[in-house]
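All letters in the sequence shown, in the order written, are residues 1237 to 1384 by my numbering. What follows is a set of notes on a single structure, which appears directly below.
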Amino acid sequence: MTTWTVYLSGEIHTDWREQIQAGARAMDLPVRFTSAVTDHDASDAAGDVLGEESSGFWRDHKSAKVNAIRTQTLIQDADLVVVRFGDKYKQWNAAFDAGFCAALGKPYITLHAEEIIHPLKEVDASAMAWAQTPEQIVEILRYVITKK
């Protein structure tokens, strides 16, 4: 059976990634998971190696570009992307990842609560599915990988 690569994008403040990974392991699915850097401080400091900046804008700009090396490469290499939107923070980076997937023709699934359907209508319109729980993601993975 082919091993699938699934990129997990978005919200970093809950354990949704771990839930999906544990569910896939429990079903013995041939999946390799990849992700952005989920350590917020490390991600924010990714560009600091390039020199100190006097403006937060330029620090963020450099870090975003360094982080994009990872995210763009891993998204391009993925068979499927799961994009998680939480309800506590605005995840503009997740919306950007979904748009990148749409531009590449890369299949993606959104994972979010019903309460934020409206602000995500364009993102959901290009998604292959909208899930509300990590368990639903695992069931979709089981189906597309095993046809069961």
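Glycine included, each C-beta is placed from N, C-alpha and C at the ideal position. In this text, all values refer to a predicted model and were calculated from it rather than measured experimentally.
Outcome for residue i when other beta-carbon atoms lying within 10 angstroms are tallied against a minimum of 16
| i | result |
| --- | --- |
| PRO1266 | exposed |
| PHE1293 | exposed |
| GLU1358 | exposed |
Length of the line joining the Cα atoms of residue i and residue j
| i | j | result |
| --- | --- | --- |
| ALA1272 | THR1307 | 6 Å |
| ALA1281 | ALA1361 | 33 Å |
| LYS1384 | THR1241 | 19 Å |
| PHE1321 | GLY1287 | 32 Å |
| SER1245 | ALA1300 | 15 Å |
| ALA1258 | PHE1269 | 11 Å |
| ASN1329 | ALA1339 | 15 Å |
Beta-bridge partners of residue i, as assigned by DSSP
| i | result |
| --- | --- |
| ARG1320 | GLY1246, LEU1347 |
| VAL1267 | TRP1240 |
| TRP1366 | THR1346 |
Sequence-distant residues of the same chain with beta carbon closer than 6 Å to residue i, five excluded per side
| i | result |
| --- | --- |
| ARG1295 | GLU1289 |
| PRO1370 | TRP1252, GLN1255, ILE1256 |
| PRO1343 | LEU1316, MET1364 |
Residues of its chain near residue i, where Cβ-Cβ distance is below 7 Å and the 5 sequence neighbours each way are ignored
| i | result |
| --- | --- |
| HIS1276 | ILE1248 |
| ALA1260 | VAL1267, VAL1374, LEU1377 |
8 Å Cβ cutoff, residue i in contact with chain C
| i | result |
| --- | --- |
| ASP1284 | Included in the structure is just one protein chain, with no chain C present. |
Close Cβ partners of residue i (< 8 Å) along its chain, the five nearest in sequence each way excluded
| i | result |
| --- | --- |
| CYS1337 | ILE1311, VAL1317, VAL1319, PRO1343, TYR1344, SER1362 |
Checklist entry - Can at least three beta-carbon pairs, one atom from the region 1370 to 1382 and one from the region 1348 to 1355, be found at a separation below 8 Å? => result no
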